[in-house]
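For the sequence shown, my numbering begins at 2 and goes up steadily by one. Where a beta carbon is used, it is the ideal one built from N, C-alpha and C, also for glycine. It should be emphasised that the depicted structure is a prediction, and the values quoted were computed from it without experimental measurement.
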Amino acid sequence: MAESAAIEGPARSARLAAGTDYERFRERKLHERPGFAYVTYLCTIPLDFDRVPEHWHDQMEVIYVKAGRGVVSLDFERHEVGAGTIVVVCPGRVHAIEGVPGERMEYENIIFSLEAFDSRMEDDWCRDNVLVPLREGTLSFDCVLRPGGALHDEAARALDAADAASAERGPGYTLAVKGSVYLFFRALYAHAERGAAVAPNAVAERLKPVLREVKLHFDKPISVREAAGLAGYSAAHFMRVFRRETGQTFVSYLRAYRLSEAEAMLRRTSEPISAVAEGCGFDSVPYFTRSFRAAYGCAPLAYRKRWAAAAAEPAPKAAPGG
Numbered sequence: 002m003a004e005s006a007a008i009e010g011p012a013r014s015a016r017l018a019a020g021t022d023y024e025r026f027r028e029r030k031l032h033e034r035p036g037f038a039y040v041t042y043l044c045t046i047p048l049d050f051d052r053v054p055e056h057w058h059d060q061m062e063v064i065y066v067k068a069g070r071g072v073v074s075l076d077f078e079r080h081e082v083g084a085g086t087i088v089v090v091c092p093g094r095v096h097a098i099e100g101v102p103g104e105r106m107e108y109e110n111i112i113f114s115l116e117a118f119d120s121r122m123e124d125d126w127c128r129d130n131v132l133v134p135l136r137e138g139t140l141s142f143d144c145v146l147r148p149g150g151a152l153h154d155e156a157a158r159a160l161d162a163a164d165a166a167s168a169e170r171g172p173g174y175t176l177a178v179k180g181s182v183y184l185f186f187r188a189l190y191a192h193a194e195r196g197a198a199v200a201p202n203a204v205a206e207r208l209k210p211v212l213r214e215v216k217l218h219f220d221k222p223i224s225v226r227e228a229a230g231l232a233g234y235s236a237a238h239f240m241r242v243f244r245r246e247t248g249q250t251f252v253s254y255l256r257a258y259r260l261s262e263a264e265a266m267l268r269r270t271s272e273p274i275s276a277v278a279e280g281c282g283f284d285s286v287p288y289f290t291r292s293f294r295a296a297y298g299c300a301p302l303a304y305r306k307r308w309a310a311a312a313a314e315p316a317p318k319a320a321p322g323g
């Protein structure tokens, strides 16, 4: 097993440069890399990004708030969170993260694959009683853990121990990380409601194919009618449901997603603005420019120049003795 678990906490300039790549990197790269995939991102809203839009994936995710206040949505149900709150996001759940206006929220975003904890042995108790129920959403427990609760305190101790092992990087540190995660699993299992059936969120299940379609084909036209068909709704009902659950229209969500992809292209490539617009689903460069300016405060070319200048700045030197 390769020792590739890490806590990623780069300097502010590097975090700014990687800010909106957070979602992209997490979804497309982290989970497919070989080795022991357990990574903790240190994130700040609104420093790194304004919000993490609604999405879902097949990995386990834990949102551990360190300071400030914000809102985490699980299957479109909003939960206000504060320092110390731990939100457990099981595989397949639609979730989003955003800040509170005028406030800053610092949190750790922990993502790992349940398969990394499967012994592959027949009749494995942990697989049958913990891993499979977590993956299938049948282990019933409160997913929003607040300080002072027994489950919260046990989970926090386990996650803090995993963080400490990752930070120290001692010989065999992934064994310590893995052991701490097993203690985290033990806390969830010990405090689960026995015999409680976990009812799936019907609306979230219907909207998941729509979110997946946007993620995979944002560069192509996606009409409201097509999105509604994926959800099994009429166009009119889909528009009402999507706005009610996400707080924005489908058209607004799709445009924001395309703009986030365009922002990344501007920083990472030298493609002409027209190519960036086309590659992100905009068939009109003037419309793309207006939309980008409204979202990011400046025109696409100016944004690219700003980030190029920021990337060229030398990293700050460490203070003596630091």
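- Scanning its chain for C-beta atoms nearer than 8 Å, with the 5 sequence neighbours on each side dropped, one finds around tyrosine 258 the residues Pro54, Val215, Lys216, Phe219, in chain order.
- When DSSP states are grouped into helix, strand and coil, threonine 290 belongs to the helix group.
- Taking C-alpha positions only, valine 95 is separated from aspartate 76 by approximately 5 Å.
- Taken atom to atom, the span from the alpha-carbon of glutamate 194 to that of serine 141 is near 6 Å.
- The stretch 61 to 72 makes contact with the stretch 86 to 94: 3 or more CB pairs, one atom from each, lie closer than 8 Å.
- Inter-residue distance for glutamate 272 and alanine 300 is about 15 Å (C-alpha atoms, whole angstroms).
- Residue environment: threonine 86 is assigned as buried (16 or more neighbouring CB atoms within 10 Å of its CB, all protein chains considered).
- Taking 9 Å as the cut-off, the beta carbon of leucine 176 is found no closer than this to the beta carbon of alanine 162.
- Assignment of valine 63 by DSSP, reduced to helix, strand and coil, places it in the strand class.
- If you check the CB distance, serine 167 and threonine 41 come in under 9 Å.
- In terms of Cα proximity to glycine 103, the closest of His153, Asp51, Ala276 is Asp51.
- For glycine 180, the enclosing alpha helix (DSSP H) covers residues 174 to 191.
- In the displayed model, valine 82 falls within a strand according to three-state DSSP.
- DSSP places tyrosine 258 inside the alpha helix (DSSP H), whose first and last residues are 251 to 269.
- In the structure shown, the three-state DSSP call for tyrosine 234 is coil.
- Annotated as distal: alanine 232 and leucine 255, with beta-carbon spacing of 9 Å or more.
- For isoleucine 274, the enclosing alpha helix (DSSP H) covers residues 274 to 280.
- Secondary structure at methionine 240: helix, using DSSP grouped into helix, strand and coil.
- Remark: C-beta atoms of alanine 303 and phenylalanine 289 do not approach each other more closely than 9 Å.
- In this structure aspartate 284 is exposed. Its beta-carbon is surrounded by fewer than 16 other beta-carbon atoms within 10 angstroms.
- DSSP lists Tyr42, Ile64 as the bridge partner or partners of asparagine 110.
- Taking 9 Å as the cut-off, the Cβ atoms of arginine 105 and glycine 138 do not count as close.
- Here DSSP, grouped into helix, strand and coil, assigns alanine 97 to strand.
- Contact between valine 101 and valine 72 holds: CB atoms are separated by about 7 Å, below the 8 Å threshold.
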